[in-house]
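Accompanying notes for the structure given below.
2 protein chains.
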Amino acid sequence: MIRLDASDAGFEAAFAALVDDRRETSTDVARDVSTIIRAVRDDGDAALHAFTQKLDRHDLNDTGWRVDAATCAAAFEGLEPELRIALELAATRIRAYHEKQRPTDTDFTDAAGVRLGARWRAVDAAGIYVPGGRAAYPSTLLMNAIPARVAGVERLVVVTPTPDGEVNPLVLAAAHLVGADEVWRVGGAQAVAALAYGTQRIARVDVVTGPGNAWVAEAKRQVYGVVGIDMVAGPSEIVVVADAQNDPEWIAADLLSQAEHDVTTQSILFTDNAGFAAAVEAAVERQLADLPTAATARVAWDDNGAVIVTRTLDEAIPLVDRLAPEHVEFACDDPRALFDRLRHAGSAFLGRHTPEAIGDYVAGPNHVLPTGRRARFASGLGVTDFMKRTSFLQLDESALNELGPATVALANAEGLPAHARSVALRIRTNR
Amino acid sequence: MIRLDASDAGFEAAFAALVDDRRETSTDVARDVSTIIRAVRDDGDAALHAFTQKLDRHDLNDTGWRVDAATCAAAFEGLEPELRIALELAATRIRAYHEKQRPTDTDFTDAAGVRLGARWRAVDAAGIYVPGGRAAYPSTLLMNAIPARVAGVERLVVVTPTPDGEVNPLVLAAAHLVGADEVWRVGGAQAVAALAYGTQRIARVDVVTGPGNAWVAEAKRQVYGVVGIDMVAGPSEIVVVADAQNDPEWIAADLLSQAEHDVTTQSILFTDNAGFAAAVEAAVERQLADLPTAATARVAWDDNGAVIVTRTLDEAIPLVDRLAPEHVEFACDDPRALFDRLRHAGSAFLGRHTPEAIGDYVAGPNHVLPTGRRARFASGLGVTDFMKRTSFLQLDESALNELGPATVALANAEGLPAHARSVALRIRTNR
């Protein structure tokens, strides 16, 4: 964890280093992934079978390639009531939020008599990757699948590795809740390749989303363009902007909620009060002492954490913009004023009673967000990631006569005479 | 050119081959591009200078790194009046169409008392790649730059190679018309690297769009995630669905307008009348005889063209969906009925008086469209490609008490105790 003070002489250099430290895994997995994708394209299910045996240590022909709908339904019915109700609340609220994202078609006729517009349609099929093991989060399945359903995707395919043949009942329950059409027990780069190119058993999809390890992320990057993907994901981060009127324990818990995800995550506190900064640091230490995930959170906090003191909270805003964080909390009296001035963040959490974790589960907005400074140009996952827009034009003779001559002039200037002819023939005939 | 009849026994196999033929360049440029990007990251302007000397055969220190605004303005003023008016008409109509794409922010309070929504902002800076030489199209500069301007991008950077030091006055004129803030005389993968990572002279941008050769396309793929990009572009295509009531010369011109772009482009005619198909084929041959771009169009038509006869035009629709073409024309009496049934296309041109070329220049919709079957999942370039969405949440004590327990239950079930604590601390305090 580094401590910085915006008034210090060396601040700019130290802060610039913080911004530029991308914390991306540098593991060179590209060649491995390329080999795996090639094998799945060439050998289909046989390759999936072999990779699963090798990497997940079970035989798909014994354990089964698919989890059927009845098994998912049983997992859902078998949840503790508290958990089932919580998942249902989350699904309902996520659906309500994303329904407002549905795009509107346009269709109008302009002064030249040209009818034009744009029409949105869902993709035919979407594939959702759900990691196995520790990071198998049912909430992530909801956050990926529900926007696809709201978009109107007809075929929703879940792939998830089941290491040693063990299924995760929470993931199956979530698959039931979103009405997944297929659940396949495959993971890794091989599962992404199967979704993108198809195999004998798994029909290809159009869009692949969902988090995964470095192999999965690289596989998505390599199939980008063959299918749509959600984004290139990197390590997760939170920025908390807090004044001294907060309970230091609350703010410490928020910083640690990010740190417990992974050793590469980053938690940064901005405050206008050095005493409060010290109090939060002390609270972090106290909470780490009894946190079950302390082994991870300790490394993330020590290696990537930062506490930055500015003269005012206003002064923090341009610094937060340079970080373009995945999550930003404004724990102060007038959070909206600060948020209005901020340009770059994946998601914002306003006020003292809005811890980031509330947005991970039940609030409604998506928790799949741009990381690693990508909020400069990217958005969280949404309904239009599972849709595409077709523009259209319709001209009658009169409209073509009006727009035709300019088209002929430009096409000829660009050295494209067949373009010019396709318009000129129709104008000549009309005259 | 292949002729297919949907009634023939071998049709399904032949059509499937047509769909699967991606026509992507297989040149292995990835390693070259990776070396170039590394050099620009390490050496900045020195690398740009060296690559430009080697590949474009001029010395940037002599010819100048930038084209200044006065030179662009002079190029615009020097255009023939007909061309200047045509460019202005195009810009006005493109702007009007894209203004309707501006997204709306949302901000509402739901029944649980949660205030939530989403806010759109433009990216800070966009870089537009404009190819040099034969494919230096001013129309493409308009199609890329105007959506960025409508989005509200404050810094608009154009990069364009000037082989042998020769500038293209049409491109400079278009740069003036869109009010480009900077025009740099660099191209190739090195220009894309400079836009993504920045050099001493060129500040990095947030989004890079625009067409280019295989090196430029691969460079955009490699920097995807460091910046946003428009899309992975492949060879261009048109599908024309036409009944026998059309003038075969008009339809032949439309097919050739696609074929003249590049030898990899594809033109496909669907018709319900074998006699009309033959008449169009004959017209293509007649027009090729005097077409100045015949050397290119002939190869594209012979290698990739197709004429497909179906029993009815309706029967063509599911086949067109499998092709998911960049452009589709419906040259028939009720084009809207066919378009309503189609799911996948980049842009649709409805009716006998709507040649595709009208959409390339002045109609208004974007001509940067998904190619190579990518209309299954991708859209044409638009305003939101230069914007990003920040979701936000604001809970008061009462709302947190309502949503908090479900969050705690889910966080604990997912093994994320610090998430649970960040909520539980606030609920406990409130009670």
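Heads up: the sequence lines are chains A and B, in that order. Anchor point for the first sequence: position 352 equals 352 in the working numbering, and the numbering is continuous, going up by one each time. Anchor point for the second sequence: position 24 equals 24 in the working numbering, and the numbering is continuous, going up by one each time. Positions of the beta carbon are idealized from the N, C-alpha and C atoms, including for glycine.
Range of the contiguous beta strand (DSSP E) that encloses residue i
i	result
residue 106 of chain A	106-109
residue 277 of chain B	Looking at the DSSP string, residue 277 of chain B is not in any beta strand (DSSP E); the run it does join, the alpha helix (DSSP H), is 274-289.
residue 312 of chain A	Premise fails: residue 312 of chain A is in no beta strand (DSSP E) and is neither H nor E.
residue 250 of chain A	No beta strand (DSSP E) contains residue 250 of chain A, which is instead part of the alpha helix (DSSP H) from 248-259.
residue 97 of chain A	Taken as a continuous stretch (DSSP letters only), residue 97 of chain A belongs to no beta strand (DSSP E), being part of the alpha helix (DSSP H) at 81-99.
residue 209 of chain B	207-209
residue 71 of chain B	Element bounds for residue 71 of chain B: not the beta strand (DSSP E) but the alpha helix (DSSP H), 69-77.
residue 202 of chain B	Looking at the DSSP string, residue 202 of chain B is not in any beta strand (DSSP E), and its letter there is neither H nor E.
residue 336 of chain A	Note, residue 336 of chain A: premise wrong, no beta strand (DSSP E); alpha helix (DSSP H) at 335-341.
residue 242 of chain B	237-242
Whole-Å CB distance - residue i paired with residue j, under 8 Å assumed
i	j	result
residue 147 of chain B	residue 366 of chain B	7 Å
residue 97 of chain B	residue 116 of chain A	7 Å
residue 224 of chain A	residue 406 of chain B	Going by Cβ atoms, the distance from residue 224 of chain A to residue 406 of chain B rounds to 35 Å, so no, they are not a contact pair.
residue 353 of chain A	residue 66 of chain B	The Cβ separation is near 51 Å, so there is no contact.
residue 187 of chain A	residue 56 of chain A	7 Å
residue 270 of chain B	residue 238 of chain B	No, residue 270 of chain B and residue 238 of chain B are not in contact; Cβ-Cβ is about 11 Å, not under 8 Å.
residue 256 of chain A	residue 287 of chain A	6 Å
residue 236 of chain B	residue 140 of chain B	Between residue 140 of chain B and residue 236 of chain B the Cβ distance is about 12 Å, and since that is not below 8 Å, they are no contact.
Bounding residues of the alpha helix (DSSP H) (the contiguous stretch that carries residue i)
i	result
residue 197 of chain B	188-197
residue 218 of chain A	214-223
residue 386 of chain B	Careful: residue 386 of chain B lies outside any alpha helix (DSSP H) and carries neither H nor E.
residue 7 of chain B	Neither: residue 7 of chain B is in no alpha helix (DSSP H) and is coded neither H nor E.
residue 146 of chain A	138-151
residue 297 of chain B	294-304
Near the ligand MN: residue i beta-carbon under 7 Å from a heavy atom
i	result
residue 138 of chain A	Among the components modelled here there is no ligand, and therefore nothing to report on the ligand MN.
Neighbour flag for residue i against chain B, beta carbons, 8 Å
i	result
residue 397 of chain A	yes
residue 154 of chain A	no
residue 383 of chain A	no
residue 346 of chain A	yes
residue 366 of chain A	yes
residue 224 of chain A	yes
residue 220 of chain A	no
residue 198 of chain A	no
residue 160 of chain A	no
residue 147 of chain A	no
residue 431 of chain A	With a pLDDT of only 45 at residue 431 of chain A, under the threshold of 50, the placement of this residue in the model should not be trusted; the figure read from the coordinates follows. So no, residue 431 of chain A is outside the interface.
residue 413 of chain A	yes
residue 97 of chain A	yes
residue 195 of chain A	no
residue 20 of chain A	no
residue 423 of chain A	yes
residue 32 of chain A	no
Any C-beta of chain A under 8 Å from that of residue i
i	result
residue 360 of chain B	yes
residue 298 of chain B	no
residue 341 of chain B	no
residue 349 of chain B	yes
residue 67 of chain B	no
residue 256 of chain B	yes
Cβ-Cβ distance between residue i and residue j below 8 Å
i	j	result
residue 211 of chain B	residue 173 of chain B	no
residue 75 of chain A	residue 176 of chain A	yes
residue 386 of chain B	residue 207 of chain B	yes
residue 63 of chain B	residue 201 of chain B	no
residue 329 of chain A	residue 375 of chain A	no
residue 180 of chain B	residue 156 of chain B	yes
residue 18 of chain B	residue 11 of chain B	no
residue 215 of chain A	residue 40 of chain A	no
residue 284 of chain A	residue 244 of chain A	no
residue 351 of chain B	residue 380 of chain B	no
residue 2 of chain B	residue 189 of chain B	no
residue 384 of chain A	residue 101 of chain A	yes
residue 349 of chain A	residue 393 of chain B	yes
residue 265 of chain A	residue 217 of chain A	no
Identified DSSP bridge partners for residue i
i	result
residue 377 of chain A	DSSP, once it has assigned bridges, lists no residue as partnering residue 377 of chain A.
residue 157 of chain B	B:127, B:182
residue 307 of chain B	B:3, B:269
residue 348 of chain B	A:392, B:328
residue 122 of chain A	A:387
residue 426 of chain B	Answer is none; residue 426 of chain B lacks a bridge partner.
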